[in-house]
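Visitor: Residues in the sequence shown are numbered from 30 upward in steps of one, following this note's numbering.
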Amino acid sequence: MTVVHSTFTIDRVFNAPVPRVFNAFENPEIRRRWFVEGEGWEVGRYELNFQAGGREGGVFRFQGGPEIGNDTLYTDIIPNERIVFAYTMTIAGKRISSSLVTVQFTAEGDKTRMSYTEQGAYFEGGQDAIRGREAGTKELLEKLALEFTR
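1) Starting from Arg187, follow the alpha helix (DSSP H) in both directions and report where the run begins and ends.
2) Spatial neighbours of Arg62 within its chain, please: CB distance less than 6 Å, with the 5 preceding and 5 following residues excluded, ordered by chain position.
3) Work out the CA separation of Ile106 and Ile112 for me, nearest whole Å.
4) What number of angstroms, rounded off, separates the C-alpha of Thr146 from the C-alpha of Glu85?
5) Please state the DSSP three-state secondary structure of Thr178.
6) Please identify the residue among Phe134, Lys140 and Val130 whose C-alpha is closest to the C-alpha of Phe37.
7) What's the gap between the Cα of Asn78 and the Cα of Glu55?
8) Give me whichever residues DSSP pairs with Asn44 in a beta bridge.
9) Output needed for Gln133: all residues of its chain with C-beta closer than 6 Å, excluding positions within five of it in sequence on either side, in chain order.
10) Have a look at Ala81 and Asn99 and give me their C-alpha separation to the nearest angstrom.
11) Am I right that Phe152 and Ile125 are in contact with their C-beta atoms under 8 Å? What's the rounded C-beta distance?
12) State the DSSP-derived secondary structure class of Ala164, mapped to helix, strand or coil.
13) What is the rounded straight-line gap between the Cα of Glu71 and the Cα of Asn109?
14) Sort Thr178, Ser128 and Glu171 by Cα distance to Ser35 and report the nearest one.
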């Protein structure tokens with residue numbers, strides 16, 4: 030099957046200052062709440078080592094479906110400014126994509142503008158996979174926004 034490449038960027042303003050938004054990425058308890066847990070999701074394993082050279086990974090199932098794996102390598106972290114990571118996703122042990130993500134944080138008064146850019150190579154699913162990844166990322170960022178209403 031042909032590898033399909035795509036890049037998308039999601040810009041979002043959060044109702045919280047930059048240090049609080051950045052903390053939601055580095056704090057394992059907070060990150061797990063918005064990135065891993067959710068209705069219908071079963072978490073088999075999750076770990077986070079948030080530092081340059083550190084890894085994040087997990088195994089999940091949605092509503093009893095096939096096992097979904099995530100393996101992330103953090104390549105660059107500048108606190109309150111930038112996070113760069115590479116990750117692969119698998120479904121039932123088969124690699125479906127590899128991506129490079131850059132997340133940038135900018136203060137806008139007491140709020141944070143976050144720019145999330147993902148450059149992906151999709152091995153399965155073509156354009157549908159790309160649309161699904163962008164939609165899924167938007168859902169995760171919506172869950173992140175809810176963290177700032179706590």
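Glycine included, every Cβ here is placed at the ideal spot set by N, Cα and C.
Guide: This is what the structure gives:
1) There is no way to answer for residue 187, as the model of the chain reaches only from 30 to 179.
2) none
3) 5 Å
4) 18 Å
5) coil
6) Val130
7) 8 Å
8) None, per the DSSP bridge assignment.
9) Arg111 and Ser144
10) 18 Å
11) 6 Å
12) helix
13) 31 Å
14) Ser128
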